[in-house]
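Visitor: Here full-length UniProt numbering is used: the first residue of the sequence shown is 1, the next is one more, and so on.
Cβ coordinates follow ideal geometry from the N, Cα and C atoms, glycine included.
What follows is a structure written as structure tokens; I'll ask about it next.
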Amino acid sequence: HLCDHHPRLYCQCKFGVEMNFSTPRRAAQLDMLTSLVSDLSSRTPTWSRLKSALSVHRKVQLTPSRLSSASLGTPSKFRLADVSLDLFATPRRATFPSQLLKQHSLSLHEDLSDAEKVYAECGQHGPLPWEECILPDRMKQCVKIGEGTFGEVFSTTNASGDTVALKIIPVEGQEKVNGEDQKNFGEILHEIIISKELSSLKEKQQNQTCGFIGLNDLHCVKGHYPPDFLKAWDQFDQRKVSENDRPDYFENNQLFIILEFEFGGVDLEHSNGKLASLAVAKSILHQVTAALAVAEQELHFEHRDLHWGNVLVKTTKQKTVNFLLNGTGHCVETSGVVVHIIDYSLSRLEIDGLTVSCDISNDQELFMGQGDYQFEIYRLMRQENGNSWSDYYPHSNVLWLHYLSSKLLALKYRNSKGKGTRSMRKELTGFHDNVLQYRSATEALQNCPMFNTTN
Numbered sequence: 001h002l003c004d005h006h007p008r009l010y011c012q013c014k015f016g017v018e019m020n021f022s023t024p025r026r027a028a029q030l031d032m033l034t035s036l037v038s039d040l041s042s043r044t045p046t047w048s049r050l051k052s053a054l055s056v057h058r059k060v061q062l063t064p065s066r067l068s069s070a071s072l073g074t075p076s077k078f079r080l081a082d083v084s085l086d087l088f089a090t091p092r093r094a095t096f097p098s099q100l101l102k103q104h105s106l107s108l109h110e111d112l113s114d115a116e117k118v119y120a121e122c123g124q125h126g127p128l129p130w131e132e133c134i135l136p137d138r139m140k141q142c143v144k145i146g147e148g149t150f151g152e153v154f155s156t157t158n159a160s161g162d163t164v165a166l167k168i169i170p171v172e173g174q175e176k177v178n179g180e181d182q183k184n185f186g187e188i189l190h191e192i193i194i195s196k197e198l199s200s201l202k203e204k205q206q207n208q209t210c211g212f213i214g215l216n217d218l219h220c221v222k223g224h225y226p227p228d229f230l231k232a233w234d235q236f237d238q239r240k241v242s243e244n245d246r247p248d249y250f251e252n253n254q255l256f257i258i259l260e261f262e263f264g265g266v267d268l269e270h271s272n273g274k275l276a277s278l279a280v281a282k283s284i285l286h287q288v289t290a291a292l293a294v295a296e297q298e299l300h301f302e303h304r305d306l307h308w309g310n311v312l313v314k315t316t317k318q319k320t321v322n323f324l325l326n327g328t329g330h331c332v333e334t335s336g337v338v339v340h341i342i343d344y345s346l347s348r349l350e351i352d353g354l355t356v357s358c359d360i361s362n363d364q365e366l367f368m369g370q371g372d373y374q375f376e377i378y379r380l381m382r383q384e385n386g387n388s389w390s391d392y393y394p395h396s397n398v399l400w401l402h403y404l405s406s407k408l409l410a411l412k413y414r415n416s417k418g419k420g421t422r423s424m425r426k427e428l429t430g431f432h433d434n435v436l437q438y439r440s441a442t443e444a445l446q447n448c449p450m451f452n453t454t455n
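In structure tokens form, the structure reads like this:
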């Protein structure tokens with residue numbers, strides 16, 4: 001409850017929060033922080049550290065090296081990263097180092113609530129009406145393209161006319177969503193910060209990839225589900241029969257997070273019989289492995305839920321896609337498709353010594369699934385990490401590569417008897433039989449015979 005930790009904030013109720021930053025000073029602090037975030041680019045040296053301070057989920061760790069250096073009075077560039085831990089230790093107060101106060105004229109003496117952190121990430125001071133974030137013309141063009149227990153996914157166009165995907169997630173409300181509790185602001189911060197970090201990998205200097213879905217924009221809105229979205233929901237339900245509840249039951253004070261992503265294509269789960277050949281399967285595995293390897297090296301990343309519904313494929317005329325691994329350039333033959341990895345609700349990464357992770361140690365239902373190799377992967381991850389989900393075990397990425405190779409080998413392809421099909425299946429089978437020996441996606445990429453990366 002926001003009021004429990006921040007008695008000087010007024011909240012209308014626990015859910016459907018209406019924030020009133022009760023003192024001018026507090027409102028000015030949030031205004032300053034939001035402005036500061038919007039003025040910095042991802043290439044600004046202090047960007048990731050400031051972003052960590054605003055956004056990283058509470059489940060963070062101070063590594064021994066950070067702890068010892070902090071206690072010894074290390075330079076301010078490290079202290080700026082470390083002080084962000086205090087921002088998540090609610091209800092204790094947090095103070096910025098004097099160097100930061102002097103540099104940015106900040107005067108922040110109270111913790112930011114999770115709500116304020118989300119609003120800062122959105123560049124907002126509070127929730128906005130739907131139509132202020134998604135113009136009516138864009139709403140009329142929306143088409144529902146996917147769903148999950150979290151909520152709905154729609155496609156529409158942006159101001160440039162490009163197709164984008166809108167992931168719409170109800171938050172902080174009392175109503176159940178598809179039988180599950182709504183996420184709170186603290187939980188949604190996990191997905192926001194990981195989405196931003198992985199999206200920004202396309203701009204990095206040492207480890208660079210476009211293999212993770214690009215995050216274009218982020219909003220927090222309030223109000224009833226718009227009629228145009230409900231109409232698109234009904235059309236999807238008529239075509240495919242939705243497993244979700246029709247989102248027409250939300251009250252006018254319901255909050256939603258809208259993540260606007262680039263359009264990534266169709267997921268592997270719905271690609272049976274649509275991909276051209278096993279050469280495409282090889283390219284998909286290569287692209288996924290390369291993306292995971294880049295994220296491992298840059299962020300100590302584990303996806304932890306890379307089932308075939310979280311791998312999108314889209315046709316392309318590009319012959320190759322490029323990536324940087326520890327400063328060295330490589331390319332992958334596309335075979336006519338580009339791959340984007342999505343959905344980081346269980347993922348883990350590190351930013352400047354801070355760990356962002358999702359603790360699923362007590363989620364017994366997740367580990368009880370039967371009927372698909374996917375559910376066995378969750379149990380294998382738990383077995384390997386000892387049910388410690390904040391620590392780094394990159395072999396989990398290898399487990400998911402093994403799973404994906406089994407799915408790709410089982411798919412039907414349009415050209416199943418073409419030239420080289422037998423040798424390609426043998427190559428893919430060899431990958432599946434041997435990939436588990438590697439300790440990480442990086443090691444698999446660098447040593448697997450199927451991946452002959454070229455500079």
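1. Could you name the residues of the same chain whose beta carbon sits closer than 6 Å to that of V177, not counting the 5 residues immediately before and after it, in chain order?
2. Could you tell me which residues DSSP puts in a beta bridge with E147?
3. Just verifying my parser: in three-state terms, what is the DSSP assignment at P247?
4. What separation, rounded to the nearest whole angstrom, lies between the Cα atoms of H432 and S396?
5. Does the separation of the CB atoms of H286 and V332 fall below 8 Å?
6. Does the segment 145-155 come within contact of the segment 240-256, defined as at least 3 CB pairs closer than 8 Å?
7. With DSSP run on the structure shown, which of helix, strand or coil describes D82?
8. Given a threshold of 16 other Cβ atoms within 10 Å of its Cβ, counted over all protein chains shown, does K419 qualify as buried or as exposed?
9. Should Q259 be labelled buried (16 or more other beta-carbon atoms within 10 Å of its own) or exposed?
10. Once you ignore the five residues that flank D4 on each side, which residues in its own chain have a CB closer than 6 Å to its CB?
11. Tell me whether E175 sits in a helix, a strand or coil according to DSSP, three-state version.
12. Short of 8 Å in beta carbon distance, which residues of its chain neighbour L324, apart from the five on each side in sequence? Order them along the chain.
13. Could you check if L100 is buried or exposed, using at least 16 other CB atoms within 10 Å of its CB as the buried criterion?
14. Start and end of the beta strand (DSSP E) containing K222?
15. Please classify V221: is it buried, with 16 or more other beta-carbons within 10 angstroms of its beta-carbon, or exposed?
16. Within the continuous beta strand (DSSP E) that includes L428, where are the two ends?
17. Less than 8 Å separating the beta-carbons of H303 and I341?
18. Since I believe L268 is in contact with K407 (beta carbons under 8 Å), could you give me their beta-carbon distance rounded to a whole number of angstroms?
19. Ordered along the chain, which non-local residues of its own chain (more than five positions away) have a Cβ less than 8 Å from that of L230?
20. Determine the closest residue to D167 out of G264, N272 and D359, with distance taken between C-alpha atoms.
21. With a cut-off of 8 Å, do at least 3 Cβ pairs link the segment 354-373 to the segment 271-291?
22. Is it true that the segment 212-226 meets the segment 125-132, where meeting means three or more beta-carbon pairs spaced less than 8 Å apart?
23. Expressed to the nearest angstrom, what Euclidean distance is found between the alpha-carbon atoms of S388 and Y373?
24. Taking buried to mean at least 16 other C-beta atoms within 10 Å of its own C-beta, is P136 buried or exposed?
25. DSSP state of G126, grouped into three classes?
26. Contact check, T429 vs L404 under 8 Å by CB: the rounded distance?
27. Can you tell me whether DSSP reads R304 as helix, strand or coil?
28. Which two residues bound the contiguous beta strand (DSSP E) that contains V313?
29. For S113 and N184, what's the separation of their Cα atoms in angstroms?
30. Only counting runs of 3 or more residues, tell me where the beta strand (DSSP E) segments fall wholly within the segment 373-401, in order along the chain.
31. Whose CA, out of G161, M139, M450 and S271, lies closest to the CA of K426?
32. How would you label M424, buried or exposed, when you count the other beta carbons within 10 angstroms and need 16 or more for buried?
33. Excluding sequence positions up to five away, which residues of its chain have a Cβ less than 7 Å from the Cβ of C122?
34. For A279, I'd like the list of residues in its chain whose CB is within less than 7 Å of its CB, leaving aside the five on either flank, ordered along the chain.
35. Just the C-alpha distance for I213 and N252, rounded to the nearest angstrom, thanks.
36. Buried or exposed for S160, please, with buried defined as at least 16 other CB atoms from any protein chain shown within 10 angstroms of its CB.
Guide: In this structure, then:
1. P170
2. E152
3. coil
4. 15 Å
5. yes
6. yes
7. Low confidence applies here, because D82 scores a pLDDT of 29, under 50, leaving its location unreliable; read the following figure in that light. Residue state, collapsed to three classes: helix.
8. exposed
9. One detail in the question is off: residue 259 reads as Leu in this sequence, not Gln. Buried is the call here.
10. Interpretation of D4 is limited by its pLDDT of 35, a score under 50 that renders its predicted location unreliable; the figure taken from the coordinates is listed afterwards. No residues qualify anywhere along the chain.
11. coil
12. K204, Q205, Q206, N207, Q208, T209, V294 and H330
13. Because L100 sits at a pLDDT of 30, beneath the cut-off of 50, its placement in the model cannot be relied upon, and the following sentence gives the value as read from the coordinates. Buried, since its Cβ has 16 or more Cβ neighbours within 10 Å.
14. L215 to K222
15. buried
16. Run containing L428: none in the beta strand (DSSP E); it sits in the alpha helix (DSSP H), T421 to N434.
17. yes
18. 7 Å
19. R246, P247 and D248
20. Here residue 167 is Lys; the residue named in the question, Asp, does not match the sequence. With distances taken between Cα atoms, K167 lies closest to G264.
21. no
22. yes
23. 22 Å
24. exposed
25. coil
26. With a Cβ gap of about 14 Å, T429 and L404 do not count as contacting.
27. coil
28. V311 to T315
29. 12 Å
30. none
31. M450
32. buried
33. L218, H219 and C220
34. S335 and M424
35. 31 Å
36. exposed
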